[in-house]
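Let me begin by presenting the structure, written as structure tokens, before commenting on it.
In the working numbering, the protein residues as written are 43 to 1194.
Here's what the structure looks like:
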């Protein structure tokens, strides 16, 4: 436990700025009679370093760049490998696990050890890995690195411990799964083909054992050669040669024939009785032309040949379309069932597909019931049991990237009623026509954890959609989808500015602000527009109110201190009314917004309904600058947003613009910088609109967010006059030039395509060099200027916060205020006068205006938060939600119900003041209001800068959580700003993570780990300890289904599969040891025996009991076999002894 007094002395070493006394610099002031001084405040801090620990929890979304697929038909779990070395293992909803190969090599193939709780992965670095799935977080048991050959194909027979591995050289090696070492048994390519063959057969593309005889291995080579190898006799049974390259092979379950798919779009059927030529050649999508030639078709990349008890066999394949038709058609999956051919068109290229069958035995009738199709950007399952082949409704959140994600928001501890109501409204938006059967991937177990609370994730997308997700209990489920583009008229081709925007993403969501209590929702779009939504359970037919704002202030309008005394700093909204198009001095697009709001009544379904749209206008032929900050307060009825030109405050109850001021006007006479004006010509040249992002270009936000860290000590700029700071001053010869903004040329559209968060313009540069060089430029470009404001920047409003505070130092009571932070590290306070009566609030105007600079920090201001004098977080006041379209009771008129969190809990002590936490890119400060005394200062980073900072609740206390551009995640105690945690979590930071990283309460955070996936993590030790109980179990003990008894006659005539002892063939005793230089064994943390006993609890006990019974049965069987062998040996010995005795009985001694 630490108190303020005790912490003050200990912070001097970690805070170079020290602790400012109330009489120091900008914090100076005479406190009121009742206001406390820093020495009077005592706050007990309960958080310590042991409360924090970084741990990834779960990953949601579609696996990025998938490569392969595998399914365990007994456990009913599915695995997906990716190009970045990741593995996603999916089961029933809630069972979702992500693992990563440390090498980062692409996963080429996956093989389940069916019903054994293990998985084999083959990676592009020619390494095999064995994963243990009998624990909630899978781990690698063994690895085997091939040194001289490249792995191309793997095959693991059911209930076998020997893995067949085909290589690029055409050889086939055999690996023992238990020990993960190579067998000395090798099938060399030159032994598999005929000696007369001159050409190399190519890499191995297929391996499978015959369903009729496990001792026969079918090897397919890329060139078109297929060989059946007799494992016992170590020779070839037959060879098949075909002119076209082979892509895949599939057996008939009886083992008498198989089917091949080829590069010319053909399917060939081969019978083992006659392997000289195929018994059937078909071109499913190729027709015979008039001249008798076949249409040329694309390759059939994979074919599955599955039999069914009650119908014709299924032949399912991907590709094979004719080149003439495939040009305008999408990728297809073809299902041939008897004479019926069904072609399913896919939205994305097919990576791989699997046919799900009831039995794991390859020699039984397969009876397929579903097809799992892995696409490049989607994942679907087709129901084969219905004639129209409907797809199953996917329970996983695989459509996060349906449109590229451009922003994220994370809300923990939401009101408990918000999730059910969003779900009920969103359920009406769901598509229909899905299969009515249960989701077939139903393996694993998952239970709702005890420590769950309502969590919601909000994602904004490039097409203007906003999605609400239920993120409770580390799951993710779609709740509600909102389309912001419906507010606007659709742009038509050739209509002036609209024609320029048709090919772009003018509706892309840039940021969101949501109040779960009042259910107000605000969206900022890339076209410099703000949309305000209210939630209603009823549909409505209303007119959307549209306001247009001219927010463009030039440097010629800079107000000097002498002029500021004569000019009021409050700006009359009427002075910023839009000019009519075509007025003198305006371009053809001046005084017009970027988008056109629908000017007719719009029918809105239940859910979020648009009420107000605020748009910035074009000025001087330039598009408006993007909005950089936003805040909304339902209790005040106010909405505020800012950009690099200034600040706008809107009264959304009266639907009026309350304030529209340039950033410089906000200072009034309290501007801490001396600024030089520029000529109109220079100003116009340096003023740029929404620039397109290119390799050598820097965004407008980037340029204006550089920080003036000129000898700031306790909020003072000590030398503002020694080196005058100018905006737009010509560059000095000899000074190295940084990246420059290029002016948007005529005819170029004002918006670039909003692709994803990785490409959004977010105050960070983009480079075409390597990741390392981008990281270096990423950090250097935000380095602070030492002596002056950067020459080509504008001071932008970077953060806004409404709340109850003290507008001036002499105030005795808190009032409504707006805190403003700028890119130059300046904090401004705007007190607001709001009528208290509801009738007056709707009619009387609100007054507000700047009160001067509060303090200054190094770097752009990122976050505000308020604490009471006891150290508890003060929430912003809000209005309790009421349905705007609900039926009214004439006896009880509807009135606004406000919830106000005063800085103090008791009305008598409300003059005690409160603490304000301000965090910038470089440092954090805690100040005491209303005296504005700086209590604590901590320089967070010198060499880098913060991307995100939030004040969050953890372990019944609060702390400041920070994410730095160098990948560090840090937490600081409040209010003393004592470092609690500093971990290098992400060694390489990219733009996508920088854009989407957010913290929330409960010690959680998230970011977009790839364009299609959301990674959630926790920095709380308590949640890390409870994580095992929240994750799902991948493995559940299930009895392996018994093989079907085919009857005496069928078995007598050779229908049953022949079994053989692989250990006898492949073991070290028979085959010897493999060459040590061929592959290197890398042991994992535990062996196979440990793997089988790794599961804990009741599930582990059951598993151990089953394993023990199996082992006991195996030992008894081995003992019985040995006993029988000993008896046979004894009988043989007795017979031989008797024969020798009879032979020698009548001979004399000298005849012996």
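Glycine is no exception: its CB is placed at the ideal position from the N, C-alpha and C atoms.
Distance between beta carbons of residue j and residue i, contact taken as under 8 Å
i	j	result
residue 186	residue 217	6 Å
residue 505	residue 445	4 Å
residue 501	residue 450	6 Å
residue 344	residue 303	6 Å
residue 694	residue 658	Rounded, the Cβ-Cβ distance is 16 Å, inconsistent with contact.
residue 102	residue 442	7 Å
residue 182	residue 1126	5 Å
residue 257	residue 272	7 Å
residue 339	residue 363	6 Å
residue 198	residue 155	7 Å
residue 205	residue 162	6 Å
As assigned by DSSP and simplified to three states, the class of residue i
i	result
residue 737	Because the pLDDT of residue 737 is 35, which lies under 50, any placement of that residue in the model is unreliable, and the question is left without a value.
residue 1182	helix
residue 499	strand
residue 797	Annotation note: pLDDT 45 at residue 797 (below 50); position unreliable, no value reported.
residue 313	strand
residue 408	coil
residue 340	coil
residue 463	helix
residue 281	strand
residue 693	strand
residue 516	helix
residue 1171	helix
residue 91	helix
residue 65	In this prediction, residue 65 scores a pLDDT of 32, lower than 50, which makes its location untrustworthy; the coordinate-derived value is nonetheless stated afterwards. DSSP places residue 65 in coil when its eight states are reduced to three.
residue 634	coil
residue 471	helix
residue 376	strand
residue 1023	strand
residue 346	strand
residue 489	coil
residue 1176	helix
residue 106	coil
residue 664	strand
residue 434	coil
residue 1121	strand
residue 905	strand
residue 525	strand
residue 884	helix
Residue i - partner residues in DSSP beta bridges
i	result
residue 392	417
residue 583	645
residue 895	870
residue 857	847
residue 248	262
residue 447	503
residue 920	941
Heavy atom of the ligand MN within 8 Å of residue i beta-carbon
i	result
residue 956	No copy of the ligand MN appears in this structure; indeed no ligand is present at all.
The segment 519-538 contacting the segment 636-646, beta-carbon criterion three pairs below 8 Å = A contact exists between the segment 519-538 and the segment 636-646.
Pairing CB atoms from the segment 97-116 with CB atoms from the segment 399-408, are three or more of them under 8 Å?
-> Verdict: yes, contact present.
Counting only runs of 4+ residues fully inside the segment 1027-1088, write out the alpha helix (DSSP H) ranges in chain order.
-> Entirely contained in the segment 1027-1088, the alpha helix (DSSP H) runs reaching 4 residues are, in chain order, 1033-1038 and 1063-1072.
For the segment 154-234, list the beta strand (DSSP E) runs that are entirely contained and at least 3 residues long, ordered along the chain.
-> Annotation: the segment 154-234 contains the following complete segments of the beta strand (DSSP E) (minimum length 3 residues), in chain order: 160-165, 169-174, 181-188, 193-197, 204-209, 214-218 and 223-229.
Should the segment 685-698 be called in touch with the segment 656-675, which here means at least 3 C-beta pairs below 8 Å?
-> Verdict: yes, contact present.
Which whole runs of the beta strand (DSSP E) in the segment 938-1012 are 3 residues long or more, in chain order?
-> Runs found: 956-962, 965-971, 975-981, 988-996 and 999-1006.
Please determine if the segment 911-930 and the segment 868-888 are in contact, where contact requires at least 3 C-beta pairs separated by less than 8 Å.
-> The segment 911-930 vs the segment 868-888: no contact.
Is the segment 464-472 touching the segment 568-576, taking contact as three or more C-beta pairs under 8 Å?
-> No, the segment 464-472 does not touch the segment 568-576.
Are the segment 330-350 and the segment 382-398 touching, with three or more C-beta to C-beta distances below 8 Å?
-> Between the segment 330-350 and the segment 382-398 there are three or more C-beta pairs closer than 8 Å, enough to call the two in contact.
If we count Cβ pairs, one from each stretch, closer than 8 Å, do we get three or more for the segment 1033-1046 versus the segment 982-994?
-> As far as the Cβ criterion goes, the segment 1033-1046 touches the segment 982-994, which means the pair count is three or higher.
Count the CB pairs spanning the segment 1000-1010 and the segment 922-929 that are closer than 8 Å, and state whether there are at least three.
-> Counting Cβ pairs under 8 Å, fewer than three are found: no touch.
Okay, do the segment 421-438 and the segment 141-152 touch, 3+ Cβ pairs below 8 Å being the bar?
-> The segment 141-152 and the segment 421-438 do not touch, with fewer than three beta-carbon pairs separated by less than 8 Å.
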